[in-house]
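Engineer: A single structure is presented below for examination.
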Amino acid sequence: MTTLAPTMGSFQMASVAKDNTPARTSKMADAASAVDQDSDESLLIAVGNHQDTAAFNLLFGRFASRIYAMGVKLTRNEQLANDLVQEAMLTVWQKAPLYDLDRGSAQSWIFTLTRNRCFDILRKMKRQPSTVSADDIWPPEGELDSQFVHEEQGSLEAEVEKIERYYDQLPAAQRAVVEQIYIYDRTHEEAAAALNIPLGTLKSRLRLGMGKLRQLLGTEE
Amino acid sequence: MNAEVKFHPAEELLIGFANGTLSAGMNVVISAHIEQCAICREKTSRLEAQATVDWLKSTESVAADKDDSLSVPNFSHMVADITSQPQLREQALEDDSVSEIHMLDHSVKLPKVLAKVASKGLVWKKLAGGINQASVTLDDQTQCEFLYMKPGSQVPVHKHQGTEVTLVLDGSFSDEMGKYEKSDFVVRDKSHTHQPVSEEGCLCFAVLDSPLMFTSGLARLLNPFLRYRFNRATSMG
Ligand SMILES: [Zn+2]
Numbered sequence: 001m002t003t004l005a006p007t008m009g010s011f012q013m014a015s016v017a018k019d020n021t022p023a024r025t026s027k028m029a030d031a032a033s034a035v036d037q038d039s040d041e042s043l044l045i046a047v048g049n050h051q052d053t054a055a056f057n058l059l060f061g062r063f064a065s066r067i068y069a070m071g072v073k074l075t076r077n078e079q080l081a082n083d084l085v086q087e088a089m090l091t092v093w094q095k096a097p098l099y100d101l102d103r104g105s106a107q108s109w110i111f112t113l114t115r116n117r118c119f120d121i122l123r124k125m126k127r128q129p130s131t132v133s134a135d136d137i138w139p140p141e142g143e144l145d146s147q148f149v150h151e152e153q154g155s156l157e158a159e160v161e162k163i164e165r166y167y168d169q170l171p172a173a174q175r176a177v178v179e180q181i182y183i184y185d186r187t188h189e190e191a192a193a194a195l196n197i198p199l200g201t202l203k204s205r206l207r208l209g210m211g212k213l214r215q216l217l218g219t220e221e
Numbered sequence: 001m002n003a004e005v006k007f008h009p010a011e012e013l014l015i016g017f018a019n020g021t022l023s024a025g026m027n028v029v030i031s032a033h034i035e036q037c038a039i040c041r042e043k044t045s046r047l048e049a050q051a052t053v054d055w056l057k058s059t060e061s062v063a064a065d066k067d068d069s070l071s072v073p074n075f076s077h078m079v080a081d082i083t084s085q086p087q088l089r090e091q092a093l094e095d096d097s098v099s100e101i102h103m104l105d106h107s108v109k110l111p112k113v114l115a116k117v118a119s120k121g122l123v124w125k126k127l128a129g130g131i132n133q134a135s136v137t138l139d140d141q142t143q144c145e146f147l148y149m150k151p152g153s154q155v156p157v158h159k160h161q162g163t164e165v166t167l168v169l170d171g172s173f174s175d176e177m178g179k180y181e182k183s184d185f186v187v188r189d190k191s192h193t194h195q196p197v198s199e200e201g202c203l204c205f206a207v208l209d210s211p212l213m214f215t216s217g218l219a220r221l222l223n224p225f226l227r228y229r230f231n232r233a234t235s236m237g
């Protein structure tokens with residue numbers, strides 16, 4: 001708590017304070033817009049939420065040749081690498097509705113999904129028994145990331161962006177409390193009065209909200 | 001749930017797991033371990049993030065179309081076909097494969113991936129020394145098997161030819177280097193000589209990542225605990 005609070009403080013000044021509109025409807029769409037309309041995450045969410053083919057086209061352009069390169073490296077076969085592009089990007093399309101920001105970065109999500117398709121393609125090519133497939137071996141894409149979120153060795157900016165993203169994913173009641181304390185800098189008593197809730201409720205929501213943020217940020221002991 | 005797991009895969013193996021460069025057999029035994037080991041799940045998650053960074057870095061010039069060593073075909077024709085396909089709205093339900101192995105007096109719940117491996121049925125063979133073995137074929141690079149050591153069984157001293165991984169699923173066994181319990185991931189290679197003993201009985205899944213020369217029918221005899229027989233036979237002959 002004591003270590004995170006100062007970071008929260010600086011982040012509010014930098015970014016959330018400029019937007020004082022807490023009335024929100026779509027958590028997901030909002031988390032996306034809080035980041036960057038053009039980020040891989042936003043595009044992937046657009047593909048998942050409304051089959052946005054323009055967004056898919058952009059993702060395709062960004063990742064197809066990288067997937068091909070990974071395929072060539074792992075299979076040493078250009079035809080298989082070509083198949084991998086087809087299968088991995090098809091999986092991106094099909095599974096996009098299952099993606100959300102809790103599942104880590106879009107890049108990691110696409111990387112693991114590509115790795116898995118590659119494993120299956122290679123097995124098929126080598127005619128190995130179909131006893132196990134990649135989906136039996138690796139947890140669903142992003143599931144590990146939803147359990148553990150890692151601090152990136154990055155700038156404060158990246159840190160702020162992350163908090164911003166996760167902040168938007170808090171349940172509204174917890175977010176309102178965190179907002180009162182860390183963004184409007186109110187005391188517990190003032191915040192409870194402003195939100196018209198008992199002090200005990202405020203404290204427990206604050207604890208839950210901060211716990212969730214800390215968990216998302218991977219700073220939990 | 002398994003705070004006491006003492007033996008884990010080396011980072012090098014987890015890196016291979018995260019990057020998808022290992023054999024199916026090795027992937028399976030690691031998968032079974034990480035299902036029960038939060039420490040290694042966390043590591044794997046971190047290593048996947050690292051693998052992603054490495055991938056993006058190593059393909060930067062390819063993505064920018066500035067890599068002359070790799071001629072990347074034009075894939076744009078794929079897009080229309082892909083976007084005409086339906087999307088998934090929920091994670092596929094897990095199939096209800098057999099997830100338990102029945103022992104004499106109790107059942108052992110298997111990790112998900114091993115339940116899948118065992119779902120087509122296991123054929124147990126009795127071997128000398130109170131050991132039962134059920135082989136499964138996952139690829140052409142590894143020999144994999146479930147091994148059941150009866151209480152009080154002991155395997156004579158033997159050496160390893162390749163790298164052997166033994167994952168304890170139930171019970172325990174010991175050798176000169178330690179005692180191994182549920183979820184422990186035990187690695188032995190040809191530099192080790194060991195003599196596993198199980199006082200209380202033990203169910204394991206073992207993977208021998210063998211050199212390619214072990215692809216003959218003979219290789220089936222070379223299960224990790226019994227390879228000593230082969231060594232003995234050849235040295236005696
Ligand atoms: Zn472990």
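Heads up: the sequence lines are chains B and H, in that order. Read left to right, the first sequence gives residues 1 to 221 (the numbering used here). Read left to right, the second sequence gives residues 1 to 237 (the numbering used here). Backbone N, C-alpha and C define an ideal beta-carbon position, used for all residues, glycine too.
(1) Looking at Ile39(H) and ligand 1, is the gap between the Cβ and the nearest heavy atom below 8 Å?
(2) By the 10 Å Cβ neighbour count, where 16 or more other Cβ atoms means buried, how is Arg115(B) classified, buried or exposed?
(3) From the DSSP output, in three-state form, read off Met70(B) for me.
(4) Straight-line CA distance for Asp168(B) to Ile45(B)?
(5) Closest to Gly130(H) by CA distance: which of Glu164(H), Ser58(H), Trp55(H), Lys150(H) is it?
(6) Please state whether DSSP places Phe214(H) in a helix, a strand or coil.
(7) Answer yes or no: the CB of Ile34(H) versus the heavy atoms of ligand 1, is any distance below 8 Å?
(8) For chain B, is any of its Cβ atoms less than 9 Å away from the one on Glu48(H)?
(9) Go ahead and label Arg123(B) buried or exposed: buried means 16 or more other beta carbons lie within 10 angstroms of its beta carbon, across all protein chains shown.
(10) Opposite Arg127(B) in the DSSP bridges: which residues?
(11) For Val177(B) and Asp102(B), what's the separation of their Cα atoms in angstroms?
(12) Can you check whether the C-beta of Thr187(B) is within less than 9 Å of a C-beta belonging to chain H?
(13) Would you say Ser39(B) faces chain H, with C-beta separation under 9 Å as the test?
(14) Just checking: is the beta-carbon of Leu110(H) within a distance shorter than 9 Å of some beta-carbon in chain B?
(15) Using the rule of at least 16 other Cβ atoms within 10 Å of the residue's Cβ for burial, across every protein chain shown, is Ser125(H) buried or exposed?
(16) Going by the CB atoms, is the gap between Ser172(H) and Ser198(H) shorter than 9 Å?
(17) Applying the 10 Å Cβ sphere with the 16-neighbour rule, what's the burial state of Glu11(H)?
(18) Which chain H residues are close to Ile137(B), counting only those with a beta carbon under 7 Å from its beta carbon?
(19) Report the residue from Leu195(B), Gln215(B), Thr53(B) whose alpha carbon sits nearest the alpha carbon of Ile163(B).
(20) Could you spell out the range, first to last residue, of the beta strand (DSSP E) harbouring Thr91(B)?
(21) Report the neighbours of Asn49(B) on chain H: residues whose CB is nearer than 7 Å to its CB, in chain order.
Structural biologist: Let me lay it out:
(1) yes
(2) buried
(3) helix
(4) Cα to Cα, Asp168(B) sits roughly 15 Å from Ile45(B).
(5) Ranking the options by Cα distance to Gly130(H), first place goes to Lys150(H).
(6) With a pLDDT of 30 at Phe214(H), under the threshold of 50, the modelled position of that residue is not reliable, and no figure is offered here.
(7) At least one heavy atom of ligand 1 is nearer than 8 Å to the Cβ of Ile34(H), so yes.
(8) Contact with chain B is found for Glu48(H), since one of that chain's Cβ atoms lies less than 9 Å from the residue's Cβ.
(9) buried
(10) Bridge partners of Arg127(B): none, in fact.
(11) 21 Å
(12) no
(13) no
(14) Not one chain B Cβ lies under 9 Å of Leu110(H).
(15) Sequence inspection shows Lys at residue 125(H); the Ser mentioned does not correspond to that position. Counting Cβ neighbours within 10 Å, Lys125(H) comes out exposed, since fewer than 16 surround it.
(16) yes
(17) exposed
(18) Under the 7 Å cutoff, chain H gives Asn27, Val28, Ser31, Val113.
(19) Residue Gln215(B) is the option with its Cα nearest to Ile163(B).
(20) Secondary structure note for Thr91(B): it is in no beta strand (DSSP E), and the uninterrupted alpha helix (DSSP H) holding it is 78–95.
(21) Near Asn49(B) there are no residues of chain H at all, since even the closest Cβ is about 10 Å away, more than 7 Å.
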